[in-house]
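Residue numbers (this note's numbering), protein chains in the order written: chain X, 1 to 588; chain P, 1001 to 1124.
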């Protein structure tokens, strides 16, 4: 575009948008074609015998799939760039048209070069009305404060000024500024679009696809603000869902392809959408962390790569990546089974020592997977979530209520989102808190309104949940379930006022672990006690801390059928909506 | 590690208790210790441990389907081959196993077992 005001005035953003629509259609078709090719490929892989021609056919299909993927990405990028360009150009165009209208009203003439001439007029002076001649104002695109002071030394003319002169100058400046802004926008987007140009006869390889990811980042830089401004981030999950549902398909695609990080963690966005957004964002996050070289980044990077590997494998139940991030000790929210279509959904808050690392992927995530597998035997319409959406304390001796109090609102918001996106008329939600996570669940449950949608609460290996009685958790004491292994030291942490020295861990070893008369633990009443009044279910005692050299093993096996079949089955039966089937255990 | 199997034989609610009884007797004869029992009519379950430390369970769940699970004691992590035993019925892919669809004159009969049950356990 040549930067003239006439061009800007006559520019039709809808033409750019139409072009965007056309690119969108190509992108969409390529995406669909790629899915078809991938399906065909998967079928071939299953059916084919090891023959050379089959291998060659597969290689061709893989190439076709890559080509479609590349087309899908790049055409989608062009669409977003054009849409953002249209939106950005609309602003200076509006400013220009306003200035032109005002000039016409004042009977000023706007010349081809953007200068404005004004007619003669009479001006009131001390000596009476005096005629002032017409004139010509040349626009200046700089803002008034940017202008260098006039040091030419010529004193301002004393003769009376035509009152039109000032108005004409202001109009000429506005016209010049609008044209300059449009030219800047044009240059920026031209550069972005230019980078999207593909070489003729391009062979789409893995490296090209990596370039496509870089292209995405480029478009993100140019068009990201335009997308970010659109999100009503301060609204409730239910309102966010309404906003998302109301967006045209094309805009949703823009968020998913260009700014997935902005919507992947939003509570109220449907699970399948969050999953797609987070899967799109994961490689970017991995790339970012791979460029840092501190221990913390390396730990998170290892975990993210392991998660990515697992996401690529087909699994039953299928995995949904509902959240991922590197803030604090790292964030990861993963569902086994679709939490929007499942009637039964559990969300497990992990505890002491949990962070985004290799152990999290291998052990903590597996707990949610085991619960999902077990619950689906009870009711096939079940999903289980591991929710690492807060910073858990990393050591016994730094354990205070602060982390739980910070985590509770985030958990509350997450459950509220699930509640608004679940498609069942009468869903059944279970909140599970393990270890310190049970305190986080307790804090969320005692906040006004309780945890949205939650019918049952399971507390496992709990050091106390901050309340004295089960009914304070707001779901009725018959809906609060407790698993507490007799050899799990965390469920015996002495109350804070009993701690003499060395923190709770130190005191633990010097104190009788089975002090039967005492039902106060670290964060309040022992949830397994009669006084607390919850439903205690049977779990394995677990290895003893000192005599079996079990240390904290009994604290870590509640979910795991390989280690404690009874506990895992009890958790599954509650999550699956059959709490009447738990195998009970006497209170402590 | 663990292995899970779903039972395709329809076991009527009236005969689930008897089915559990047959399994329990067999386990006890093998020296297994019963660790827990869920005494539900519709969805009974039994959990046991073998002298070598294997865990084993039989649980009735959704649609009256019975599930067996066996878990090994702790072992060092290593690659494990898929089981080689062939099911005595269709080998359904993971995630597509239907609810029980095989009728048994004995186990599917909707009357309680009269007198001594003939234990013809059709574990699949």
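Every residue gets a Cβ at the ideal spot worked out from N, C-alpha and C, and that includes glycine. Note that the structure is a prediction, hence the values are computed from the model and not measured.
Quick check: residue 337 of chain X and residue 331 of chain X, are their CB atoms within less than 7 Å of each other? no
Residues of its chain near residue 342 of chain X, where Cβ-Cβ distance is below 6 Å and the 5 sequence neighbours each way are ignored: 381, 382, 383
Output yes or no for whether 7 Å exceeds the beta carbon distance between residue 61 of chain X and residue 37 of chain X. yes
Are the stretch 406-414 of chain X and the stretch 363-372 of chain X touching by the rule of at least three beta carbon pairs closer than 8 Å? no
DSSP beta-bridge partners of residue 289 of chain X: Its beta-bridge partners do not exist; DSSP assigns none.
Reducing DSSP to helix, strand and coil, say where residue 580 of chain X ends up. helix
Against chain X, does residue 1043 of chain P count as a neighbour if the rule is that its beta carbon must be under 7 Å from one of theirs? yes
Kindly indicate if chain P contains any beta-carbon less than 7 Å away from that of residue 562 of chain X. yes
Under a three-way DSSP split, which group does residue 535 of chain X fall into? strand
Spatial distance of residue 1015 of chain P from residue 1060 of chain P (CA atoms): 12 Å
Residue ranges of each beta strand (DSSP E) within the stretch 1007-1063 of chain P, 3 or longer: 1033-1038, 1045-1049, 1055-1060
Quick one: grab the DSSP three-state call for residue 80 of chain X. helix
Does the beta-carbon distance from residue 490 of chain X to residue 533 of chain X come in below 7 Å? no
On the premise that residue 351 of chain X lies in contact with residue 442 of chain X, defined as a C-beta separation below 8 Å, what is that separation, rounded to the nearest angstrom? Contact flag wrong, Cβ pair sits at about 12 Å.
Measure from the C-beta of residue 1136 of chain P to each C-beta in chain X and report whether the shortest distance is under 7 Å. Outside the shown range of chain P (1001 to 1124) lies residue 1136 of chain P, about which nothing can therefore be said.
Please list the terminal residues of the continuous alpha helix (DSSP H) segment that includes residue 455 of chain X. No alpha helix (DSSP H) contains residue 455 of chain X, which is instead part of the beta strand (DSSP E) from 454-460.
Answer with buried or exposed for residue 194 of chain X, where buried requires no fewer than 16 other C-beta atoms within 10 angstroms of its C-beta. exposed
Cα separation between residue 396 of chain X and residue 542 of chain X? 20 Å
What number of angstroms, rounded off, separates the C-alpha of residue 1005 of chain P from the C-alpha of residue 216 of chain X? 46 Å
Indicate whether at least one CB of chain P lies closer than 7 Å to the CB of residue 316 of chain X. yes
May I have the straight-line CA-CA distance separating residue 1042 of chain P from residue 340 of chain X, to the nearest angstrom? 29 Å
Checking contacts by CB at 7 Å: is residue 1059 of chain P closer than that to chain X? yes
List the endpoints of the continuous beta strand (DSSP E) containing residue 387 of chain X. 382-388
Status (buried if at least 16 other CB within 10 Å, exposed otherwise) for residue 1092 of chain P: exposed
Of the residues that make up the stretch 363-383 of chain X, which ones have a beta carbon closer than 7 Å to any beta carbon in chain P? 377, 378, 379, 380
List the whole-angstrom C-beta distance separating residue 231 of chain X from residue 262 of chain X, where the pair is believed to meet the contact cut-off of C-beta under 8 Å. 6 Å
Can we count residue 325 of chain X as close to the ligand SAH, meaning its CB is less than 6 Å from some heavy atom? With respect to the ligand SAH, the structure shown offers nothing to examine, as it has no ligands at all.
Quick check: the Cα distance between residue 502 of chain X and residue 473 of chain X, rounded to an integer number of angstroms? In this prediction, residue 502 of chain X has a pLDDT of 44, which is less than 50 and means its spatial position is unreliable; what the coordinates show is noted afterwards. One C-alpha to the other measures close to 32 Å.
Is the CB-CB distance between residue 527 of chain X and residue 439 of chain X below 7 Å? no
Strictly under 7 Å for the Cβ-Cβ distance: is residue 361 of chain X near chain P by that measure? no
Through-space distance from residue 556 of chain X to residue 313 of chain X, alpha-carbon basis: 26 Å
Could you run through the stretch 1012-1040 of chain P and flag, in chain order, every residue whose CB is less than 7 Å away from some CB of chain X? 1035, 1036, 1038, 1040
Residue from X/525, X/107, X/487, X/495 with nearest C-alpha to residue 591 of chain X: Because chain X in this structure spans residues 1 to 588, residue 591 of chain X falls outside the shown range and cannot be described.
Shortest alpha-carbon distance to residue 362 of chain X belongs to which of X/305, X/114, X/378? X/305
Please list the partners that residue 488 of chain X has in chain P, where partner means a Cβ-to-Cβ separation under 8 Å. Those within 8 Å of residue 488 of chain X in chain P number zero; the least Cβ separation is about 17 Å.
Who are the Cβ neighbours of residue 452 of chain X in its own chain at under 6 Å, not counting the five residues just before and after it? 415, 416, 419
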